[in-house]
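Visitor: Can you read through this structure? Questions will come right after.
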Amino acid sequence: MLLWRIRTLNWNACLWQLSMDARVKPAHDEWNSAWARVDCAQIAASKPLTENRMPEAPTELSVSLWRGGVEGRYETYRVPRRDSQTVLDVVTYVQRHIDPTLSYRFACRVGMCGSCAMTVNGRPRWTCRTHVAKVAGSGRLEIGPLANLPVIKDLATDMAPFFEKWREAKGAFAPSRTRADAIPRIRPDSPARLAADAAVECINCGVCYAACDTVRWNAAYLGPAALNRAWTLINDERDAGNVARLQAVAATGGCHACHSHQSCQEHCPLSLNPTASIAGLKRRTALAYLKGELKP
Amino acid sequence: MNVRLYVWQRATAALMVPLVAVHVAIIFYATRQDLSAADILARTRGSIVWGAYYGLFVAAVSIHAAIGVRNVLAEWSPLSERHAGRLGLLFGLVLAALGARAVLAVVL
Chain A
0 MLLWRIRTLN
10 WNACLWQLSM
20 DARVKPAHDE
30 WNSAWARVDC
40 AQIAASKPLT
50 ENRMPEAPTE
60 LSVSLWRGGV
70 EGRYETYRVP
80 RRDSQTVLDV
90 VTYVQRHIDP
100 TLSYRFACRV
110 GMCGSCAMTV
120 NGRPRWTCRT
130 HVAKVAGSGR
140 LEIGPLANLP
150 VIKDLATDMA
160 PFFEKWREAK
170 GAFAPSRTRA
180 DAIPRIRPDS
190 PARLAADAAV
200 ECINCGVCYA
210 ACDTVRWNAA
220 YLGPAALNRA
230 WTLINDERDA
240 GNVARLQAVA
250 ATGGCHACHS
260 HQSCQEHCPL
270 SLNPTASIAG
280 LKRRTALAYL
290 KGELKP
Chain B
0 MNVRLYVWQR
10 ATAALMVPLV
20 AVHVAIIFYA
30 TRQDLSAADI
40 LARTRGSIVW
50 GAYYGLFVAA
60 VSIHAAIGVR
70 NVLAEWSPLS
80 ERHAGRLGLL
90 FGLVLAALGA
100 RAVLAVVL
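Chains as they are written, first to last, in numbering that gives the first Met the number 0: chain A, 0 to 295; chain B, 0 to 107.
Put into structure tokens, the structure is as follows:
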């Protein structure tokens with residue numbers, strides 16, 4: 000159910016975004032016009048003049064955006080530099096003011112939905128929470144679709160393989176009780192709950208999947224997000240699907256394919272540690288194998 | 000790599016940690032004491048302990064390296080998992096044969 004909801008959320012976001020080409024909602028008209036009223040020259044003029052002031056920040060960004068599908072190319076646009084500007088703001092500006100055919104995906108803009116991840120200056124990032132000031136000190140941005148996923152068009156990737164692997168890793172909760180049973184009491188400080196809590200905040204943005212070297216060279220590898228999800232469920236005392244889940248993550252392409260490069264941990268926008276989750280899966284599956292509970 | 004190969008590779012790696020340490024210590028001892036080949040062979044010939052020690056070492060290396068080569072081939076070459084596994088097995092058998100030959104030469 001959760002998987003279905005996430006996929007629906009992503010696709011709703013995509014469809015809503017594509018529909019913006021034809022009709023712009025009033026709220027965004029207002030937002031854009033307010034944005035347009037802020038003139039770069041006014042920002043520069045409003046700063047106090049001192050003899051030892053810092054160098055002026057660039058008033059314009061040079062933004063290269065991936066256009067087309069797999070066989071596309073980067074095209075460069077000039078975008079006004081704003082205070083507190085995010086990378087998603089930059090992409091939105093291009094679509095609203097320069098080229099309405101630009102396709103990309105976003106929904107919440109506040110780092111909750113995981114829809115807007117893109118490759119920004121060579122690194123996968125969530126664009127709605129990435130400030131331009133942090134990644135474009137030189138005034139240049141290169142924004143492309145996420146790596147390791149098929150490109151649909153421009154900055155939008157097909158997330159289907161990502162969620163399919165999530166499903167292969169048995170990432171859906173398997174209830175052990177019915178609604179007629181009493182709600183189980185889970186101690187918040189139990190080791191299993193602490194392990195689940197450490198990994199459960201994943202928003203499925205796909206940043207770890209795009210950053211993973213093993214995903215790039217091993218098509219069968221389930222990837223850090225799916226394995227991280229499996230680890231949260233294995234530590235969920237209410238879940239009843241752990242036999243099948245351990246079997247799934249212990250197979251070829253499962254947790255043992257991970258090389259522990261820790262790119263997932265390095266790039267995760269929520270500072271989660273999928274590498275630690277995968278290490279937990281390795282220990283758990285090895286123990287189950289030695290006990291004869293797993294048949295590879 | 001599946002869980003069975005993972006366990007075998009990690010187990011043989013753990014086994015090799017003390018084996019390598021002792022092997023390196025033996026090399027230092029032999030060179031510092033200026034032992035000749037004849038001196039070494041005098042100690043190893045007919046020794047069940049040295050035969051078992053280096054026999055175990057060769058077995059661990061053969062298994063560990065075979066799984067490693069199989070994984071490299073599966074990930075970095077166009078070979079399928081099955082063919083990579085067969086080549087890895089062949090590599091392990093060659094290592095085992097060469098190692099067993101060397102052990103037998105100094106023990107028998």
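In this text, a Cβ means the ideal position worked out from N, Cα and C, and glycines have one as well.
(1) Distance check for L226 of chain A and S63 of chain A, CA to CA, integer angstroms please.
(2) Helix, strand or coil, according to DSSP, for L86 of chain B in the structure here?
(3) Only counting the same chain, and skipping five residues up and downstream in sequence, which positions put a Cβ closer than 6 Å to that of S45 of chain A?
(4) Taking 8 Å as the limit between beta carbons, can you name the residues of its chain near Y73 of chain A, skipping five residues before and five after?
(5) Against chain A, does T11 of chain B count as a neighbour if the rule is that its beta carbon must be under 8 Å from one of theirs?
(6) Check whether the Cβ atoms of L232 of chain A and F172 of chain A lie closer than 8 Å to each other.
(7) Should V2 of chain B be labelled buried (16 or more other beta-carbon atoms within 10 Å of its own) or exposed?
(8) Do we get a CB-CB distance below 8 Å when we pair L148 of chain A with the residues of chain B?
(9) If the cut-off is 7 Å on Cβ atoms, which residues from the segment 248 to 273 of chain A count as contacting chain D, listed in chain order?
(10) What residues in the segment 203 to 220 of chain A have a beta carbon less than 7 Å from any beta carbon of chain B?
(11) Applying the criterion that 16 or more other CB atoms from any shown protein chain within 10 Å of the CB defines a buried residue, is H63 of chain B buried or exposed?
(12) Do you know how far the Cα of L148 of chain A is from the Cα of G279 of chain A?
(13) Look at A106 of chain A and A209 of chain A and say whether their C-beta atoms are less than 8 Å apart.
(14) Does T284 of chain A come out as helix, strand or coil in the three-state DSSP assignment?
(15) Examine chain B for any beta-carbon lying closer than 8 Å to the beta-carbon of P295 of chain A, and answer yes or no.
(16) Of all Cβ atoms in chain B, is any one closer than 8 Å to the Cβ of L232 of chain A?
(17) If you measure from the beta carbon of K281 of chain A to each beta carbon in chain B, is any gap under 8 Å?
Guide: So, to answer that:
(1) Translated into the one-based positions of the first sequence, residue 63 of chain A becomes position 64. Translated into the one-based positions of the first sequence, residue 226 of chain A becomes position 227. Rounded to the nearest angstrom, the two C-alpha atoms are 34 Å apart.
(2) The sequence position of residue 86 of chain B within the second sequence is 87, counting from 1. Of the three classes helix, strand and coil, the one that applies to L86 of chain B here is helix, per DSSP.
(3) Translated into the one-based positions of the first sequence, residue 45 of chain A becomes position 46. Residue placement at S45 of chain A is poorly supported in this model, since its pLDDT is 41, which falls under 50; the coordinates still yield a value, given next. Closer than 6 Å at Cβ, skipping near neighbours: no residue.
(4) Stepping through the first sequence from its first residue, residue 73 of chain A is reached at position 74. If we look at Y73 of chain A and ignore the five residues flanking it on each side, its Cβ neighbours are S63, L64, W65, R66, E141, G143.
(5) For this step, residue 11 of chain B is matched to residue 12 along the second sequence. No, T11 of chain B does not count as interfacial toward chain A.
(6) For this step, residue 232 of chain A is matched to residue 233 along the first sequence. For this step, residue 172 of chain A is matched to residue 173 along the first sequence. Yes, they are a contact pair.
(7) On the second sequence, residue 2 of chain B is found 3 positions in, with the first residue counted as 1. V2 of chain B should be labelled buried.
(8) As a first step, residue 148 of chain A is located in the first sequence; it is residue number 149 there, counting from the start. By this cut-off, L148 of chain A is not an interface position.
(9) In the structure shown, chain D cannot be found, because the protein chains are A and B.
(10) W216, N217
(11) Mapped onto the second sequence, residue 63 of chain B falls at position 64. Its Cβ being crowded by 16 or more others within 10 Å, H63 of chain B is buried.
(12) Translated into the one-based positions of the first sequence, residue 279 of chain A becomes position 280. Translated into the one-based positions of the first sequence, residue 148 of chain A becomes position 149. Distance between the alpha carbons of G279 of chain A and L148 of chain A: 26 Å.
(13) On the first sequence, position 107 is the one that residue 106 of chain A refers to. On the first sequence, position 210 is the one that residue 209 of chain A refers to. Contact: no.
(14) As a working note, residue 284 of chain A is residue 285 in the first sequence. The answer is helix: DSSP assigns T284 of chain A an H, G or I state.
(15) As a first step, residue 295 of chain A is located in the first sequence; it is residue number 296 there, counting from the start. Chain B, which has a Cβ nearer than 8 Å to the Cβ of P295 of chain A, makes this yes.
(16) Taking the first sequence and counting its residues from 1, one reaches residue 232 of chain A at position 233. Closer than 8 Å: no.
(17) Indexing the first sequence from 1 puts residue 281 of chain A at position 282. Closer than 8 Å to some Cβ of chain B, the Cβ of K281 of chain A qualifies, so yes.
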